[in-house]
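Going from the sequence shown to our numbering is simple: count from 1 and add 11.
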Amino acid sequence: MTDAPKAFVTGWPISHSRSPLIHGTWLRELGLAGSYEKIAVPPDAFARFLGGLRADGFVGGNVTIPHKEAAFAACARRDAAAEAIGAVNTLWFEGDALTGSNTDAYGFSANLDERLSGWREAETAVVLGAGGAARAVVHALKAAGVADVTILNRTRERAERLADAFGAEAGGEGEFEALAPRFDLVVNTRPADPDGLAPADVRAIEALPEGALVTDIVYVPLETPLLAAAAARGLRTADGLGMLLHQAVPGFERWFGRRPAVGEALRAAVIRDIAGGS
Ligand code: NAP
Numbered sequence: 012m013t014d015a016p017k018a019f020v021t022g023w024p025i026s027h028s029r030s031p032l033i034h035g036t037w038l039r040e041l042g043l044a045g046s047y048e049k050i051a052v053p054p055d056a057f058a059r060f061l062g063g064l065r066a067d068g069f070v071g072g073n074v075t076i077p078h079k080e081a082a083f084a085a086c087a088r089r090d091a092a093a094e095a096i097g098a099v100n101t102l103w104f105e106g107d108a109l110t111g112s113n114t115d116a117y118g119f120s121a122n123l124d125e126r127l128s129g130w131r132e133a134e135t136a137v138v139l140g141a142g143g144a145a146r147a148v149v150h151a152l153k154a155a156g157v158a159d160v161t162i163l164n165r166t167r168e169r170a171e172r173l174a175d176a177f178g179a180e181a182g183g184e185g186e187f188e189a190l191a192p193r194f195d196l197v198v199n200t201r202p203a204d205p206d207g208l209a210p211a212d213v214r215a216i217e218a219l220p221e222g223a224l225v226t227d228i229v230y231v232p233l234e235t236p237l238l239a240a241a242a243a244r245g246l247r248t249a250d251g252l253g254m255l256l257h258q259a260v261p262g263f264e265r266w267f268g269r270r271p272a273v274g275e276a277l278r279a280a281v282i283r284d285i286a287g288g289s
């Protein structure tokens with residue numbers, strides 16, 4: 012008899028991760044034997060943690076901040092998305108080879124396919140923010156064929172580095188208002204400001220063309236001030252929760268052997284968890 016597959020999510024900190032809720036729900040829904048646990052690992056212990064995965068009986072797992080680049084470096088094999096993004100969030104073994112993928116771009120695209128029809132026809136997109144998640148978003152936009160991608164960031168140099176890597180344009184976040192009339196699609200990746208949307212961003216939303224699509228990958232709060240302003244203007248929007256749910260699908264399938272569905276019950280369970288303030 013073989014042991015039930017064991018998977019994990021690791022980060023530092025990791026207490027707020029909703030991945031155990033997602034994978035635990037799917038294991039129950041599908042009636043599968045298996046487990047998925049949260050493991051806090053500080054950066055100086057991460058290499059040792061990876062080295063012990065096989066001995067600890069893990070088939071693979073997820074990696075989050077701040078370990079995604081270290082996981083990339085530690086993998087013997089990586090898929091094309093991981094190579095393009097330069098970070099790994101999903102690990103498994105191929106034989107003895109630790110193998111990594113980055114499923115954030117897949118999650119981003121799958122969420123928009125579900126909730127923002129027509130996004131793949133966008134010709135011009137703006138990405139607000141230039142951090143780790145923005146890399147996956149820009150990769151996804153380029154892979155979807157969005158020809159003209161502009162990255163605007165508080166720290167302009169970071170936007171420039173990201174734009175250089177993906178053949179995009181770059182600017183400072185103060186340029187959003189002036190450039191807004193040319194964007195078919197807006198993707199925010201900056202944390203939501205608890206004080207609300209900056210007045211310049213409100214004016215930028217007003218200046219978007221008729222029919223522009225707006226999405227935020229931030230899902231706490233579920234309706235960010237940016238999405239609220241876009242919806243108030245009558246624009247179609249998609250929140251970021253589906254990206255979190257969909258990015259988990261490929262890992263689950265690799266570890267547990269079944270492809271799970273992103274359903275309304277799972278979405279509702281995660282929304283309840285967010286409302287619970289954890
Ligand atoms: P990150 O690497 O720390 O990057 C954060 C970005 O936001 C940077 O571009 C930063 O600008 C900008 N920023 C931060 N505070 C700002 C402020 N007060 N004003 C203007 N810009 C600000 O973070 P990340 O990994 O990219 O994640 C970004 C967000 O996406 C997080 O909230 C995360 O939870 C969310 N996320 C969601 C999913 C999902 O599945 N839905 C997946 C990944 C991430 P500077 O470069 O100037 O510092």
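Built from N, CA and C at the ideal position, the CB exists for glycine as well.
This one's a predicted model, so the numbers in the text were calculated from it and none came from an experiment.
Straight-line spacing of the CA atoms in residue 13 and residue 45 works out to 11 Å. For residue 47, the enclosing beta strand (DSSP E) stretches over residues 46-51.
Runs of the beta strand (DSSP E) lying entirely within the region 189-247, each at least 3 residues long, are 196-199, 224-227 in chain order. The Cβ atoms of residue 252 and residue 225 do not sit closer than 8 Å to each other. For the pair residue 233 and residue 285, the CB atoms are nearer than the 8 Å cut-off.
By a beta-carbon distance limit of 8 Å, residue 70 contacts residue 17. Their separation comes to about 6 Å.
Between residue 195 and residue 223 a beta carbon distance of about 6 Å is seen, short of the 8 Å cut, so the two are scored as contacting.
Boundaries of the beta strand (DSSP E) around residue 138: 135-139.
Rounded to the nearest angstrom, the gap between the Cα atoms of residue 83 and residue 55 is 16 Å.
The DSSP-derived three-state label of residue 103 is strand. Proximity to the ligand NAP was defined by a C-beta distance below 7 Å to any of its heavy atoms, and the residues meeting it, in sequence along the chain, are 76, 115, 118, 140, 141, 142, 143, 144, 145, 164, 165, 166, 169, 184, 200, 201, 202, 204, 228, 229, 230, 251, 252, 254, 255, 258.
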